[in-house]
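Peer 1: Protein chains in written order, with my numbering: chain Y, 1 to 419; chain P, 1 to 231.
If you scroll down you'll find the structure; I have some questions about it.
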């Protein structure tokens with residue numbers, strides 16, 4: 001009885017397996033037929049431009065792929081033995097959704113126009129070696145896909161032909177914090193090309209529907225950096241961006257794109273020493289500060305302060321913009337939650353200067369030396385300028401007079417001696 | 001400069017103590033000026049170059065404060081010396097500002113303009129030396145006080161609002177510039193470029209001046225020393 005049951009189970013299992021396989025000729029039989037030729041390692045065809053293309057199919061390798069249980073004719077439906085050039089394989093027959101989104105992508109549109117430089121299904125997924133994206137051996141595996149994209153996007157000929165971002169941008173990615181996490185640590189959580197640019201529906205960033213369009217950037221980065229996105233959404237920059245103000249900065253305006261490095265990297269635009277310049281890229285713009293009624297001369301007054309000088313000469317522990325104003329969650333000083341709100345200044349200054357209490361917080365932080373903004377400093381400066389200038393003039397006059405007087409004294413002495 | 005007497009006799013004008021103080025003052029002020037102005041004018045190439053030479057903005061500060069400690073120690077020592085030592089008390093009498101100095105100054109101007117018949121007769125220190133001495137001393141005092149406030153900024157913040165510290169900083173800088181200008185124009189003219197001492201009054205090194213020079217430039221002191229039988 002037991003044996004019978006085991007046998008029944010095995011038959012059932014085989015039936016299920018067979019039923020799960022795609023319809024068509026029995027795979028094993030058809031396979032053998034194809035492999036009679038394509039199983040020969042030396043089979044190849046001459047290419048029109050010279051050179052040869054191997055037509056060998058490694059059965060064992062193919063068996064391990066996602067389509068390994070299918071038959072050759074599932075894709076190459078017009079294949080008979082022997083056969084000439086076969087029709088183009090259409091992946092869309094089984095993968096209509098992918099085909100549809102690909103058709104709308106910048107690659108798909110190019111392909112439809114007959115451009116064969118653009119990526120088609122096989123360019124990224126491969127042909128006989130297609131595996132699931134979760135499979136570490138797959139070309140589209142998270143840690144492998146960047147190399148697949150770069151195969152074309154680091155090719156100077158292609159870059160030049162289509163005006164694509166240059167090799168430098170691609171190399172910058174490889175050196176970026178994301179690229180290094182990929183290359184050095186094999187970190188699954190790191191951002192690789194399709195994480196930002198999308199896959200089938202990929203579009204250039206200047207198109208509103210693109211994943212990397214300006215308006216989509218915070219959400220995009222927030223997919224991984226969700227805690228920071230939350231802070232950003234509450235900030236004046238985040239609110240502005242969501243309100244449709246295109247000049248409001250998004251992640252990439254401060255951090256860069258492919259070049260993103262750690263904030264401890266001196267090349268990062270948000271490295272302590274570079275922060276004033278990064279913020280000033282917008283805040284020193286006359287148009288922006290006028291349009292949004294922002295205080296002016298923030299950069300110049302900061303660079304004149306001891307903090308600015310110290311930072312300029314490499315003391316990165318000196319306060320920069322972000323030390324006082326915050327960064328992702330930045331708020332206008334009028335907001336009671338802002339660290340630079342008048343009421344919060346003692347605590348903010350106190351982060352570095354423990355004795356800086358409410359008494360210290362009197363007076364402007366960015367000292368703009370004009371009669372209206374900082375009368376005291378302005379008056380002292382004017383006083384000394386006038387005083388020192390006057391003194392110099394008087395000194396020169398005195399020297400002149402003194403020399404005349406001395407010459408007169410000598411003349412007299414001469415006369416006296418002669419007499 | 002008496003061309004008549006080739007073997008011109010000399011007389012002491014600066015004792016060793018004063019020469020040491022003068023030298024120390026000169027060195028500390030120069031170091032302070034170099035390290036201070038580099039910060040004040042940090043944005044131009046000279047400032048940038050000097051800051052680099054001074055070992056960066058942090059080390060520049062160390063040098064500046066080390067020199068400042070020396071200068072202030074000297075200021076205190078000098079004050080005590082002038083008020084309590086025998087030599088200092090005598091010098092103090094000579095250098096103290098009097099009504100006479102103002103009159104001398106006006107008379108010198110009138111004489112130089114050809115409006116007065118006689119050039120004023122100075123004692124050991126005429127109005128030029130006294131202006132130098134008191135100008136520099138008050139300048140050093142003010143710059144020391146503001147400098148200390150800025151040095152102990154963590155402590156100062158407890159009592160002083162930021163705008164007061166802003167004022168302190170600007171006064172400190174401009175006072176330094178003022179001192180520098182006095183030294184450059186007044187001191188360099190009086191002790192180097194003035195025809196009676198050109199190219200340099202050697203008293204700061206040898207301590208001595210020629211008797212003939214004293215007779216011409218400081219006749220009252222000459223007469224006093226003559227009376228005392230020193231010359």
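Every residue gets a Cβ at the ideal spot worked out from N, C-alpha and C, and that includes glycine.
The model shown is predicted, which means the values in this text are computed figures rather than measured ones.
For residue 21 of chain P and residue 82 of chain P, what's the separation of their Cα atoms in angstroms?
Peer 2: For residue 21 of chain P and residue 82 of chain P, the distance between alpha carbons rounds to 12 angstroms.
Peer 1: For residue 185 of chain P and residue 164 of chain P, what's the separation of their Cα atoms in angstroms?
Peer 2: Approximately 31 angstroms, taken between the alpha carbons.
Peer 1: Under 9 angstroms between the Cβ atoms of residue 215 of chain Y and residue 256 of chain Y?
Peer 2: Contact: no.
Peer 1: When the cut-off is 9 angstroms and only beta carbons count, does residue 418 of chain Y lie next to chain P?
Peer 2: No - not a single Cβ of chain P is within 9 angstroms of the one on residue 418 of chain Y.
Peer 1: Taking Cβ-Cβ distances shorter than 7 angstroms, what residues in chain P pair up with residue 353 of chain Y?
Peer 2: Under the 7 angstroms cutoff, chain P gives 154, 157.
Peer 1: Measuring alpha carbon to alpha carbon, tell me which of Y:240, Y:301, Y:349, Y:306 ends up nearest residue 373 of chain Y.
Peer 2: The shortest Cα separation from residue 373 of chain Y among Y:240, Y:301, Y:349, Y:306 belongs to Y:301.
Peer 1: Spatial neighbours of residue 144 of chain P within its chain, please: C-beta separation below 8 angstroms, excluding the five flanking residues on both sides.
Peer 2: Excluding positions up to five away in sequence, the list reads 68, 71, 72, 75.
Peer 1: Using 10 angstroms around the beta-carbon of residue 338 of chain Y, count the other beta-carbons present and answer buried if the total reaches 16, otherwise exposed.
Peer 2: The residue in question, residue 338 of chain Y, is buried, as its Cβ has 16 or more Cβ neighbours within 10 Å.
Peer 1: Quick test of your reading: residue 73 of chain Y and residue 128 of chain Y, contact by CB under 8 angstroms. State the CB separation rounded to the nearest angstrom.
Peer 2: That belief does not hold up - the Cβ atoms of residue 73 of chain Y and residue 128 of chain Y are roughly 14 angstroms apart, past 8 angstroms.
Peer 1: By the criterion of Cβ-Cβ separation under 7 angstroms, what are the contact partners of residue 79 of chain P in chain Y?
Peer 2: Simply none; closest approach about 25 angstroms.
Peer 1: Check whether the Cβ atoms of residue 50 of chain P and residue 34 of chain P sit closer than 9 angstroms, and answer yes or no.
Peer 2: Yes, they are a contact pair.
Peer 1: So which residues on chain P does residue 404 of chain Y lean against when the C-beta distance must stay under 9 angstroms?
Peer 2: Simply 112, 113, 114.
Peer 1: Which of helix, strand or coil does DSSP assign to residue 103 of chain Y?
Peer 2: Residue 103 of chain Y: helix per DSSP, three-state reduction.
Peer 1: Going by beta-carbon coordinates alone, are residue 197 of chain P and residue 190 of chain P separated by less than 9 angstroms?
Peer 2: Cβ distance < 9 angstroms, so residue 197 of chain P and residue 190 of chain P count as in contact.
Peer 1: Determine whether the Cβ of residue 381 of chain Y lies closer than 9 angstroms to any Cβ atom of chain P.
Peer 2: Chain P contact via Cβ: present.
Peer 1: Take every Cβ of the region 334-352 of chain Y, pair it with every Cβ of the region 131-148 of chain P, and state whether three or more of those distances are shorter than 8 angstroms.
Peer 2: Segments in contact, no.
Peer 1: Would you say residue 340 of chain Y faces chain P, with C-beta separation under 9 angstroms as the test?
Peer 2: Not an interface residue.
Peer 1: Per DSSP, residue 12 of chain P forms a beta bridge with which residues?
Peer 2: Note: residue 12 of chain P sits in a beta bridge opposite P:208.
Peer 1: Can you check whether the C-beta of residue 408 of chain Y is within less than 9 angstroms of a C-beta belonging to chain P?
Peer 2: Yes, residue 408 of chain Y counts as interfacial toward chain P.
Peer 1: Do the region 135-150 of chain Y and the region 190-207 of chain Y meet, that is, are 3 or more Cβ pairs less than 8 angstroms apart?
Peer 2: Touching, yes, given that three or more Cβ pairs across the two stretches are closer than 8 angstroms.
Peer 1: Do residue 294 of chain Y and residue 307 of chain Y have their beta-carbon atoms positioned less than 9 angstroms apart in this structure?
Peer 2: Cβ atoms of residue 307 of chain Y and residue 294 of chain Y: not closer than 9 angstroms.
Peer 1: At a Cβ threshold of 9 angstroms, is residue 161 of chain P touching chain Y?
Peer 2: Chain Y contact via Cβ: present.
Peer 1: With a 10 Å radius around its C-beta and 16 neighbouring C-beta atoms as the bar for buried, classify residue 278 of chain Y as buried or exposed.
Peer 2: Residue 278 of chain Y should be labelled buried.
Peer 1: Spatial neighbours of residue 63 of chain P within its chain, please: CB distance less than 7 angstroms, with the 5 preceding and 5 following residues excluded, ordered by chain position.
Peer 2: Once the five neighbours on either side are set aside, the close Cβ partners of residue 63 of chain P are 31, 35, 54.
Peer 1: Which runs of the alpha helix (DSSP H) fall wholly inside the region 42-119 of chain P and span at least 4 residues, in chain order?
Peer 2: For the region 42-119 of chain P, whole alpha helix (DSSP H) runs of length 4 or above, ordered along the chain, are 45-53, 56-84, 86-95, 99-112.
Peer 1: With distances taken from CA atoms, which of Y:91, Y:317, Y:369 is nearest residue 351 of chain Y?
Peer 2: Nearest of Y:91, Y:317, Y:369 to residue 351 of chain Y, Cα basis: Y:317.
Peer 1: With three or more beta-carbon pairs closer than 8 angstroms as the criterion, would you say the region 8-16 of chain P touches the region 202-216 of chain P?
Peer 2: Yes, the region 8-16 of chain P touches the region 202-216 of chain P.
Peer 1: Identify, in the order they occur along the chain, each residue of the same chain with its Cβ nearer than 6 angstroms to the Cβ of residue 229 of chain P, setting aside the five sequence neighbours on each side.
Peer 2: Result list for residue 229 of chain P: empty, nothing under 6 angstroms.
Peer 1: Output, in chain order, the set of chain A residues within a Cβ distance shorter than 8 angstroms of residue 42 of chain P.
Peer 2: Here the protein chains are Y and P, and chain A is not one of them.
Peer 1: To the nearest angstrom, how far is it from the Cα of residue 101 of chain Y to the Cα of residue 303 of chain Y?
Peer 2: Cα to Cα, residue 101 of chain Y sits roughly 51 angstroms from residue 303 of chain Y.
Peer 1: Expressed to the nearest angstrom, what Euclidean distance is found between the alpha-carbon atoms of residue 371 of chain Y and residue 377 of chain Y?
Peer 2: Residue 371 of chain Y and residue 377 of chain Y: Cα-Cα distance of roughly 9 angstroms.
Peer 1: Cβ atoms of residue 192 of chain P and residue 125 of chain P: under 9 angstroms apart, would you say?
Peer 2: Not in contact: residue 125 of chain P and residue 192 of chain P (Cβ atoms no closer than 9 angstroms).
Peer 1: Compare the Cα-Cα distances from residue 198 of chain Y to each of Y:84, Y:361, Y:210 and report the closest residue.
Peer 2: If we check each option's Cα against that of residue 198 of chain Y, Y:210 comes out closest.
Peer 1: What is the rounded straight-line gap between the Cα of residue 260 of chain Y and the Cα of residue 187 of chain Y?
Peer 2: Distance between the alpha carbons of residue 260 of chain Y and residue 187 of chain Y: 16 angstroms.
Peer 1: My output table needs one value for residue 26 of chain Y: the three-state DSSP class, helix, strand or coil.
Peer 2: With a pLDDT of 46 at residue 26 of chain Y, under the threshold of 50, the predicted position of this residue should be treated as unreliable, though the coordinate-derived value follows. Reduced to three states, the DSSP call for residue 26 of chain Y is coil.
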